[in-house]
Amino acid sequence: MLRRRLAAPVIAVALALCILAATATRDGLARTPAPLEAVAVAALPAEARVTLERIHVGGPFPYSRDGVVFNNREHILPTRPRGYYHEYTVPTPGQRTRGARRIICGGDVMSVSECYYSDDHYQTFRRIRP
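According to the working numbering, the stretch in the sequence shown is residues 201 to 330, in order.
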């Protein structure tokens with residue numbers, strides 16, 4: 201009996217939250233990424249500049265995961281269709297693994313016109329500018 205009395209309010213709250221979420225998205229109130237800080241290519245670590253040049257010429261890349269689709273699960277980068285972004289490793293001196301540094305490029309990857317640098321494994325990004 202108690203389950204039945206609790207079920208209706210729980211379902212009503214869940215339904216209200218779904219409607220609110222749908223309305224917020226439709227009305228443009230959904231969370232949008234904050235503007236990202238920019239970083240000049242010249243200010244990037246030397247390893248990042250080498251990686252950016254490799255991206256521009258299409259490789260070769262030292263890691264098998266370089267060039268895979270980046271899904272933007274963190275929703276920090278601008279929202280784009282799946283498959284738009286690709287990730288590349290920026291080697292970290294003294295690290296035996298891939299480390300935390302990455303460059304994420306979108307669109308026509310080889311143009312490197314929309315690339316972002318993260319030195320903390322996707323916690324923060326800076327837009328790379330020429």
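Think of the CB as a built atom: it goes at the ideal place given N, C-alpha and C, for glycine as much as any other residue. All values derive from a computational prediction rather than experimental measurement.
From what residue to what residue does the beta strand (DSSP E) around R329 run?
From DSSP, the beta strand (DSSP E) with R329 extends over 326-329.
Any contact between the segment 245-258 and the segment 305-314? By contact I mean 3 or more CB pairs, one from each, below 8 Å.
Yes, they touch.
Roughly how many angstroms lie between the CA atoms of P330 and Y263, to the nearest whole one?
Looking at the backbone, the Cα of P330 and that of Y263 are separated by about 25 Å.
Y285 to R273, Cα distance in whole Å?
Taking the Cα positions, Y285 is about 11 Å away from R273.
Out of P278, E247, N271, V269, point me to the one whose CA is closest to P235's CA.
Comparing Cα-Cα distances from P235 to each of P278, E247, N271, V269, the minimum goes to P278.
Reducing DSSP to helix, strand and coil, say where E247 ends up.
E247 falls in the helix class under three-state DSSP.
Tell me whether S313 sits in a helix, a strand or coil according to DSSP, three-state version.
Correct three-state label for S313: coil.
Can you have a look at T313 and say buried or exposed, based on whether 16 or more other CB atoms are within 10 angstroms of its CB?
For the sequence presented, residue 313 should be read as Ser rather than Thr. Around the C-beta of S313, fewer than 16 other C-beta atoms lie within 10 Å, and the residue is accordingly described as exposed.
What do you get for A240, buried or exposed, if any count of 16 or more other CB atoms within 10 angstroms of its CB means buried?
Flag for A240 reads exposed.
Could you check whether R301 and D319 sit closer than 8 Å to each other, using their CB atoms as the reference points?
Yes, these two residues count as a Cβ contact at 8 Å.
Proximity below 8 Å, CB of T324 to CB of V290:
In this structure, T324 lies away from V290, with their beta-carbon atoms at least 8 Å apart.
Quick one: measure Cβ to Cβ for A238 and R326, integer angstroms, because I've assumed they're closer than 8 Å.
At roughly 6 Å, the Cβ-Cβ gap stays under 8 Å, so A238 and R326 are in contact.
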